[in-house]
Amino acid sequence: MLFQRDKKHVSLTQAGQLFYYGAQNILKQVELSYQHLEAFQRGERGTLKIGFLKDFDFELLREFITEFHQKYPHIQLELGGYT
């Protein structure tokens, strides 16, 4: 039984409370999944591959990576040097 009823009140039983909290967690996970999907569709998730020449200014690259990760924390960067 999930509910206790009397003539004036309705309350959750212990089983009802467990069910309620479990259902809340499931709904939160569904909402989080939708948020992740929307972020992916907006390009806010995934992997970005960047190639650069071996003699590239690495200080500039370091600044870019720092700013990029602050703005897009869920996008992974793959860096590769080329000759």
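Numbering-wise, the sequence shown is residues 1 to 83 according to the UniProt record's numbering. All C-beta atoms, glycine included, are put in the ideal place defined by N, C-alpha and C.
Span separating the alpha-carbon of residue i from that of residue j
{"i": "Gly80", "j": "Gly51", "result": "5 Å"}
{"i": "Val30", "j": "Gly22", "result": "13 Å"}
{"i": "Glu67", "j": "Thr47", "result": "16 Å"}
{"i": "Glu44", "j": "Ile65", "result": "15 Å"}
{"i": "Gln35", "j": "Leu60", "result": "32 Å"}
{"i": "Gln17", "j": "Lys28", "result": "17 Å"}
{"i": "residue 89", "j": "Ala15", "result": "The shown model of the chain, from 1 to 83, leaves out residue 89, and the question about it has no answer."}
C-beta atoms of residue i and residue j nearer than 7 Å
{"i": "Gln4", "j": "Thr13", "result": "yes"}
Same chain, Cβ closer than 6 Å to residue i, five either side skipped, listed in chain order
{"i": "Lys7", "result": "none"}
Neighbourhood of residue i by C-beta distance below 7 Å, restricted to the same chain and skipping five residues each side
{"i": "His69", "result": "none"}
{"i": "Tyr20", "result": "Leu12"}
Selected residue, minimal CA-CA separation from residue i, among the options
{"i": "Lys71", "options": "Ala39, Glu59, Tyr34 and Ser11", "result": "Ala39"}
{"i": "Leu77", "options": "Lys49, Glu63, Arg62 and Phe56", "result": "Lys49"}
Contacting residues, own chain, Cβ-Cβ under 8 Å from residue i (five flanking each side not counted)
{"i": "Pro73", "result": "none"}
Exercise for review: Return the chain-ordered ranges of every alpha helix (DSSP H) run that is complete within the region 8-61 and spans a minimum of 4 residues.
Suggested key: Those alpha helix (DSSP H) runs which fall completely within the region 8-61 and span 4+ residues are 14-41.
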